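Asker: Residue numbers (our numbering): 2 to 96. From the three backbone atoms N, C-alpha and C, an ideal C-beta is built for every residue, glycine too. In this text the structure is predicted, and so the values were computed from the model without any measurement. Below are the structure tokens for one structure; questions will follow.
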Amino acid sequence: MIEGTETVATRLWRDRVQLREQERDEAQARLRIAEEKVSILMAENDRLAAENARLRALLNPDADSTQTQAETQMQMKALKDALLPLLSGGSGSLN
Numbered sequence: 002m003i004e005g006t007e008t009v010a011t012r013l014w015r016d017r018v019q020l021r022e023q024e025r026d027e028a029q030a031r032l033r034i035a036e037e038k039v040s041i042l043m044a045e046n047d048r049l050a051a052e053n054a055r056l057r058a059l060l061n062p063d064a065d066s067t068q069t070q071a072e073t074q075m076q077m078k079a080l081k082d083a084l085l086p087l088l089s090g091g092s093g094s095l096n
């Protein structure tokens with residue numbers, strides 16, 4: 002009877018191990034599929050972002066030049082504001 006009990010226990014253990022291996026393999030397959038889907042979605046997201054940027058550029062082509070021009074004007078004003086006191090106060094010492 003002991004041999005029969007060990008045989009049954011051994012079979013149960015093997016069945017359990019086999020079931021766990023099958024569950025692991027299925028989980029790994031699901032993981033691979035999920036990774037592929039994520040990769041596809043990321044590529045699609047990049048493509049859509051590039052398309053959005055292209056469409057924005059078509060819709061508003063002067064937006065970058067307008068922003069650059071505004072920044073340049075602000076820098077020129079700041080430079081002028083910094084130089085005027087030097088020119089008015091320092092002109093007597095230059096002559």
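Looking only at its own chain, which residues have a Cβ that is under 7 Å from the Cβ of A79, when we skip the five neighbours before and after it?
Answerer: Taken in chain order, the list of residues that qualify is empty.
Asker: Rounded to the nearest angstrom, what separates R25 and I41 at their Cα positions?
Answerer: Looking at the two C-alpha atoms, the distance is approximately 24 Å.
Asker: What did DSSP end up calling W14 once you bin it into helix, strand or coil?
Answerer: In this structure, W14 counts as helix in the three-state DSSP scheme.
Asker: Nearest-angstrom Cα distance between T8 and Q19?
Answerer: The straight-line gap from Cα to Cα measures roughly 16 Å.
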